[in-house]
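Notes follow once the structure below has been shown.
2 protein chains.
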Amino acid sequence: MAAGSRASFGRVAVALCIPHRRRNPAPLFPASPPPRMDDLYTMPGHLIRRAQQISTALFTEECAGFDLTSVQFAALTAIKANPDVDATRLSALIAFDRSTIGDVLERLEAKGWILRSASQGDRRVKLLRITPAGSKLLRDVLPAVKRVQERLLAPLAPEDRVTMIRLLTGLAELHNEVTPAPLRIAAQR
Amino acid sequence: MAAGSRASFGRVAVALCIPHRRRNPAPLFPASPPPRMDDLYTMPGHLIRRAQQISTALFTEECAGFDLTSVQFAALTAIKANPDVDATRLSALIAFDRSTIGDVLERLEAKGWILRSASQGDRRVKLLRITPAGSKLLRDVLPAVKRVQERLLAPLAPEDRVTMIRLLTGLAELHNEVTPAPLRIAAQR
DNA sequence: CTCATAAAGACAGTATACGGTCAATCCCGG
DNA sequence: CCGGGATTGACCGTATACTGTCTTTATGAG
Numbered sequence: 015m016a017a018g019s020r021a022s023f024g025r026v027a028v029a030l031c032i033p034h035r036r037r038n039p040a041p042l043f044p045a046s047p048p049p050r051m052d053d054l055y056t057m058p059g060h061l062i063r064r065a066q067q068i069s070t071a072l073f074t075e076e077c078a079g080f081d082l083t084s085v086q087f088a089a090l091t092a093i094k095a096n097p098d099v100d101a102t103r104l105s106a107l108i109a110f111d112r113s114t115i116g117d118v119l120e121r122l123e124a125k126g127w128i129l130r131s132a133s134q135g136d137r138r139v140k141l142l143r144i145t146p147a148g149s150k151l152l153r154d155v156l157p158a159v160k161r162v163q164e165r166l167l168a169p170l171a172p173e174d175r176v177t178m179i180r181l182l183t184g185l186a187e188l189h190n191e192v193t194p195a196p197l198r199i200a201a202q203r
Numbered sequence: 015m016a017a018g019s020r021a022s023f024g025r026v027a028v029a030l031c032i033p034h035r036r037r038n039p040a041p042l043f044p045a046s047p048p049p050r051m052d053d054l055y056t057m058p059g060h061l062i063r064r065a066q067q068i069s070t071a072l073f074t075e076e077c078a079g080f081d082l083t084s085v086q087f088a089a090l091t092a093i094k095a096n097p098d099v100d101a102t103r104l105s106a107l108i109a110f111d112r113s114t115i116g117d118v119l120e121r122l123e124a125k126g127w128i129l130r131s132a133s134q135g136d137r138r139v140k141l142l143r144i145t146p147a148g149s150k151l152l153r154d155v156l157p158a159v160k161r162v163q164e165r166l167l168a169p170l171a172p173e174d175r176v177t178m179i180r181l182l183t184g185l186a187e188l189h190n191e192v193t194p195a196p197l198r199i200a201a202q203r
């Protein structure tokens with residue numbers, strides 16, 4: 015595993031090496047001619063997609079056997095921390111698309127990890143609550159989830175790990191409003 | 015737009031602030047008790063998902079009117095740079111899942127941007143080639159795609175932009191083998 | 001009180017992702 | 001030459017994402 019994941023550094027490094035130094039400090043991304051593969055490989059958009067792939071792969075690997083996705087983990091965690099939220103506010107708490115969360119909740123309910131009950135005050139709303147089974151699952155899977163986070167940053171130098179979190183946090187915060195599902199901490203009603 | 019995207023820094027910053035300083039430098043991720051929202055918000059996995067959301071949103075916004083996704087852009091770019099690749103090697107060049115790329119190619123073909131022709135030597139293989147319409151599209155959309163990359167990193171400090179690319183590149187390279195679709199530069203036959 | 005509006009959740013349609021299977025085909029060792 | 005193993009692309013099934021629409025229900029203005 016570890017050996018395998020280190021096998022092809024050299025080959026990949028051919029194109030994925032440290033960002034090219036450019037003479038002028040001005041444009042981070044070069045001119046207009048037909049995009050070359052090298053350009054593609056240094057585009058943040060491409061790199062972020064790769065990071066997401068890696069994140070998902072590690073989660074799947076570490077949490078195999080729990081029948082849980084990272085998305086479901088986030089939802090479950092937020093429901094436990096916010097008993098009786100409704101779907102819309104939950105989606106804001108974890109920056110999910112409102113259209114997507116319905117299916118996620120349905121699967122969580124089908125597995126017996128959450129309950130959806132009609133709200134008394136507002137008949138449009140379904141309140142969400144974690145079940146004992148859901149709590150137990152969350153407890154059991156937590157070590158694996160932590161391993162995912164550690165393994166994700168493990169290949170970076172220790173000081174780079176903190177930097178990575180800082181930069182990603184800044185990115186998410188400063189771009190919060192451009193996403194279709196912006197994060198809202200205080201889910202005001 | 016710009017004003018809107020800066021409207022809620024304070025609120026979001028409540029939970030998405032600079033990573034907490036911990037007394038011991040040891041564990042980057044804390045102990046075992048029930049995960050709190052704050053933990054979730056600093057998990058690299060969560061932050062990477064947010065970054066992907068942002069990247070997609072910016073691409074959609076900048077490239078609206080081209081009827082093109084970021085995935086399709088990457089495929090088209092790679093096909094242009096590697097005439098007569100087949101689907102399997104293409105997927106390795108841009109780190110796509112082999113199961114996914116079939117549909118992507120079908121859509122590209124339906125829009126008249128690529129051609130799929132049977133290989134003479136190997137009757138299993140379909141060779142891929144960009145059409146003039148595809149080349150024109152790529153030329154036309156390139157400025158928008160560059161704007162996406164610039165806007166993605168724009169909110170970071172200039173020195174942080176380079177760091178971000180360096181760290182993401184390292185992450186992708188060092189974790190290359192854990193993904194289901196590892197990147198292969200030299201698509202050896 | 002009533003109507004326009006807004007909000008909640010369901011649902012349909014499109015596009016990735018990824019695991020797994022399958023038929024056709026290739027290729028290498030015997 | 002031949003058969004088993006590997007490869008290619010097509011599919012199927014599941015899970016996200018996101019846009020847009022629709023029904024039901026709340027709520028606030030007049």
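For the record, the sequence lines run as chains A and H.
For the first sequence, my numbering assigns the number 15 to the initial residue and increments by one for each residue that follows.
For the second sequence, my numbering assigns the number 15 to the initial residue and increments by one for each residue that follows.
Cβ coordinates follow ideal geometry from the N, Cα and C atoms, glycine included.
The structure displayed is predicted, hence computed values, not measured ones.
Give me, in chain order, the residues of the same chain whose beta-carbon lies closer than 6 Å to that of residue i; leave out the 5 immediate sequence neighbours on both sides.
| i | result |
| --- | --- |
| A:S105 | R112, I115 |
For residue i, collect the residues of the same chain with a Cβ closer than 8 Å to its Cβ; drop the 5 residues on either side in sequence, then sort them by chain order.
| i | result |
| --- | --- |
| H:K140 | D100, A101, R130, S131, A132, S133 |
| H:E123 | L129, R130 |
| H:A158 | E76, C77, F80 |
| H:A95 | none |
Answer yes or no: does any C-beta atom of chain A fall closer than 8 Å to that of residue i?
| i | result |
| --- | --- |
| H:F80 | no |
| H:Q163 | yes |
| H:A195 | yes |
| H:L182 | yes |
| H:V192 | yes |
| H:L122 | no |
| H:I93 | no |
| H:D174 | yes |
| H:L142 | no |
| H:L151 | no |
| H:S133 | no |
| H:L166 | yes |
| H:T177 | yes |
| H:A89 | no |
Assign residue i to one of two classes, buried (16 or more other C-beta atoms within 10 Å of its C-beta) or exposed (fewer than that).
| i | result |
| --- | --- |
| A:A147 | exposed |
| A:P196 | buried |
| A:R64 | buried |
| A:E173 | exposed |
| H:R137 | exposed |
| H:R50 | exposed |
| A:D154 | exposed |
| A:D53 | buried |
| A:P39 | Residue placement at A:P39 is flagged as unreliable, the pLDDT there being 46, under the threshold of 50; a coordinate-derived value is accordingly withheld. |
Counting only beta-carbon atoms, is residue i nearer than 8 Å to chain H?
| i | result |
| --- | --- |
| A:R215 | Residue 215 of chain A lies beyond the range of chain A shown here (15 to 203); nothing can be said about it. |
| A:G126 | no |
| A:L61 | yes |
| A:S84 | yes |
| A:S113 | no |
| A:L287 | Nothing about residue 287 of chain A can be read from this structure; chain A reaches only from 15 to 203. |
| A:P97 | no |
| A:L129 | no |
| A:T56 | yes |
| A:A186 | yes |
Please confirm whether residue i and residue j have their CB atoms less than 8 Å apart.
| i | j | result |
| --- | --- | --- |
| A:Q163 | H:G126 | no |
| H:F3 | H:L151 | Chain H is shown from 15 up to 203; residue 3 of chain H falls before or after that span and cannot be answered. |
| A:L107 | A:R198 | yes |
| H:P97 | H:R165 | no |
What does the alpha-carbon distance come out to for the pair residue i and residue j?
| i | j | result |
| --- | --- | --- |
| A:L82 | A:A89 | 11 Å |
| A:L119 | A:Q67 | 23 Å |
| H:R161 | H:I93 | 22 Å |
| A:S149 | H:G184 | 36 Å |
| H:F110 | H:R103 | 10 Å |
| A:V192 | H:T193 | 28 Å |
| H:N190 | H:L182 | 12 Å |
| H:E187 | A:R121 | 34 Å |
| A:T91 | H:D117 | 34 Å |
| A:R180 | H:L156 | 30 Å |
| H:F87 | H:G135 | 29 Å |
Spatial neighbours of residue i within its chain, please: CB distance less than 7 Å, with the 5 preceding and 5 following residues excluded, ordered by chain position.
| i | result |
| --- | --- |
| A:M178 | L167, L170 |
| H:T70 | S84 |
| H:T207 | Residue 207 of chain H is absent from the structure shown; chain H starts at 15 and stops at 203. |
| A:R175 | L167 |
| H:P48 | none |
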